[in-house]
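Residue numbers (my numbering): 963 to 1222.
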Ligand code: MF3
Ligand code: CO
């Protein structure tokens, strides 16, 4: 039997806290993304992220989460999500997904982006752009009166129109006092289905997009998820509040420059 859904709507004051957590997460992710270059080890990116997060009064959400050993996830090429930073050095032409969470004032914000390491082929740029467009479409659908299926369909349709696959075995999620709250936010679904979206819901929308098939496998480390067919994969994520005026992105990477 399915357990009851435990969606926790946020008050405006709580959304304000999440907005501050989201701003720190966005700033930290931007700093990490800027540091990406051939020759950089992913563990150096992890240290940078933790420093920026703590300098702004936050705590890395991921560190210690179910025993996860780092502050960010770094997923390279056919790695989909949850790659663990380490001594591996980035090389020209690779594709790097960076996922980062911040807890501040008791609330989490979760954000991810995929960036090229140096120059990548046009098809890889198209994968990155499609993933970002799928995220934007999912976010735009997160308005009161819509359903969760509308968000999922918005993502899936952008991904599939581009000839890529949305990962089905992992999904976005509610986010708030806990990093992962109800509901799950799948990256595939049918419009008009699922629970209605209501003001105060805060969602992590996070398309994971494979160049080949949708299937994924887990590495022996128990964390790293990769494509079964070893095709490249990209990931993008925002933390979004459903407001009466529509979706508010709490982790926007631009706009943050003025704040710091
Ligand atoms: N954004 C990732 C997710 O929602 C965060 C994973 S936390 C980790 O799945 F600790 F497991 F890495
Ligand atoms: Co997430």
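For glycine and all other residues, C-beta sits at the position ideal for the given N, C-alpha and C.
If you ignore the 5 residues before and after residue 1142, its C-beta comes within less than 7 angstroms of the C-beta of 1135, all in its own chain and listed in chain order. Residue burial annotation: residue 1037 is buried, with at least 16 other C-beta atoms found within 10 angstroms of its C-beta. In this structure residue 985 is buried. Its beta-carbon is surrounded by 16 or more other beta-carbon atoms within 10 angstroms. Residue pairing by DSSP puts residue 1069 in a beta bridge opposite 1066.
Residue 984 sits in a helix when the DSSP states are folded into three classes. Taking every protein chain shown into account, the CB of residue 1192 has fewer than 16 other CB atoms within 10 angstroms, so this residue is exposed.
Here residue 991 is buried. Its C-beta has 16 or more other C-beta atoms within 10 Å.
In the three-state DSSP reduction, residue 1015 falls in the helix class (H, G or I). Ranking 970, 987, 1043 by CA distance to the CA of residue 1184 puts 1043 first.
For residue 1190 and residue 974, the gap between their C-alpha atoms comes out near 42 angstroms. Not one heavy atom of the ligand CO falls within 7 angstroms of the beta-carbon of residue 1032. By alpha-carbon distance to residue 1166, the top candidate from 1175, 1139, 1173 is 1139.
In the DSSP assignment, residue 1038 falls within the beta strand (DSSP E) that extends over 1034–1038.
In the three-state reduction of the DSSP assignment, residue 1204 falls in the strand class, which pools E and B. Beta-bridge pairing by DSSP links residue 1146 to 1135. For residue 1070, the shortest separation between its Cβ and any heavy atom of the ligand MF3 does not lie below 7 angstroms. DSSP places residue 1189 within a strand segment (E or B) once states are collapsed to three. The residues 1065, in chain order, have a CB closer than 6 angstroms to that of residue 1021 in the same chain once the five nearest residues on each side in sequence are set aside. Straight-line spacing of the CA atoms in residue 1108 and residue 1132 works out to 22 angstroms. Annotated three-state conformation of residue 993 is helix, per DSSP. Of the heavy atoms belonging to the ligand MF3, none sits nearer than 7 angstroms to the Cβ of residue 1053.
When only Cα atoms are considered, residue 1040 and residue 1172 end up about 8 angstroms apart. The count of Cβ pairs closer than 8 angstroms, one atom from the segment 1046–1054 and one from the segment 1083–1101, stays below three, leaving the stretches out of contact. Relative to the non-hydrogen atoms of the ligand CO, the Cβ of residue 1140 never comes closer than 7 angstroms to any of them. Fewer than three beta-carbon pairs drawn from the segment 1107–1127 and the segment 1069–1077 are found closer than 8 angstroms, and the two stretches are therefore not classed as touching. Contact between the segment 1113–1123 and the segment 1150–1164 is established, with three or more Cβ pairs separated by less than 8 angstroms.
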